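Input: a single structure, listed below in structure tokens.
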Amino acid sequence: MALRALTNVKTLGRLRHQQIRGLQTFTLPDLSYDYGALEPAISGEIMQLHHQKHHQTYITNYNKALEQLDDAIAKGDASTAVKLQSAIKFNGGGHVNHSIFWKNLAPTHEGGGEPPHGSLGWAIDQHFGSMEKLVAKMNAEGAAVQGSGWVWLAVDKELKRLVVETTANQDPLVTKGASLVPLVGIDVWEHAYYLQYKNVRPDYLKNIWKVINWKYASEVYEKECP
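Note that the sequence shown covers residues 20 to 245 in the working numbering.
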């Protein structure tokens with residue numbers, strides 16, 4: 020039986036925030052679909068754990084690091100402020116990346132898995148030869164990520180060109196270039212697939228395309244490359 024999201028959807032993936040003692044902090048974004056809505060490609064159990072546990076942990080630790088940074092700056096403690104940068108990058112990146120990831124997914128009855136048409140579909144054919152070749156490239160590069168990380172389809176908004184990139188751990192795509200805008204990001208951390216795919220990453224990568232939200236990717240592409 021499909022597991023259901025705890026709240027109704029209002030803000031899929033938006034970087035929601037609130038004010039606590041004057042400091043901006045972040046909260047877990049809602050999903051626009053039930054946890055079980057992506058089955059059989061992604062199980063409801065994995066979606067619930069991924070969203071409620073893993074993403075929430077990044078947010079909790081990000082907020083904690085931001086509060087500590089605010090305190091260190093107020094005290095003029097430069098050493099502590101510098102030490103906190105790695106925690107801010109890791110946990111803030113985890114929040115940014117997962118907020119994109121949820122928007123990159125959609126149930127099949129809502130268009131998940133349907134290939135893009137229009138300008139993005141044309142650009143994929145131009146830059147990679149075909150959708151099949153793009154998928155094969157992203158699957159190969161995603162499977163080859165050492166340890167944990169992400170594989171991305173992005174548009175270089177300066178060059179107006181599609182690229183495939185990988186990032187380690189929770190590094191956001193912007194660390195690979197300020198002009199890169201993510202269109203599709205696939206989480207290749209074990210927590211994204213270990214319960215269902217028994218840590219066989221290639222099987223997970225093969226199946227996730229069945230629920231990729233190309234409508235969202237197309238909207239981002241058309242905004243960046245009108």
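Just so it is clear, CB atoms sit at the ideal spot from N, CA and C, and this is done for glycine as well. Treat the numbers as computed from the prediction; the structure is a model and nothing was measured.
Cβ pair residue i, residue j closer than 9 Å
i, j, result
"S159", "V200", "In the sequence on display, residue 159 carries Ala and not Ser. Cβ distance not < 9 Å, so A159 and V200 don't count as in contact."
"L214", "L50", "no"
"I107", "A84", "yes"
"A125", "Y235", "yes"
"S167", "E241", "no"
Status (buried if at least 16 other CB within 10 Å, exposed otherwise) for residue i
i, result
"I92", "exposed"
"G8", "Nothing about residue 8 can be read from this structure; the chain reaches only from 20 to 245."
"T194", "exposed"
"S62", "buried"
"L103", "buried"
"I39", "The predicted position of I39 is uncertain, since its pLDDT is 46 and thus under 50; no value can be drawn from it."
"K72", "exposed"
"T185", "buried"
Supposed close pair residue i, residue j - CB separation, criterion 8 Å
i, j, result
"V170", "I205", "5 Å"
"F45", "H114", "6 Å"
"G112", "Q165", "Wrong, their Cβ atoms sit about 17 Å apart, outside the cutoff."
Nonlocal neighbours in the same chain, by C-beta distance under 7 Å from residue i, ignoring five residues either side
i, result
"W233", "E133, P134, P135"
"A162", "R220, P221, L224"
"P191", "G112, V115, N116"
"W228", "G132, V154"
"A60", "N226, I227, K229, V230"
Three-state class that DSSP yields for residue i in the structure shown
i, result
"A187", "strand"
"I227", "helix"
"L47", "coil"
"G204", "strand"
"D175", "strand"
"L124", "strand"
"G140", "helix"
"L181", "strand"
Chain-order list of residues whose beta-carbon lies under 6 Å from that of residue i (same chain, five-residue window excluded)
i, result
"L19", "Missing from the structure shown is residue 19; the chain here goes from 20 to 245 and no further."
Sequence-distant residues of the same chain with beta carbon closer than 8 Å to residue i, five excluded per side
i, result
"L22", "Caution is warranted here: a pLDDT of 38 is assigned to L22, below 50, making its placement in the model unreliable, and no coordinate value can be reported."
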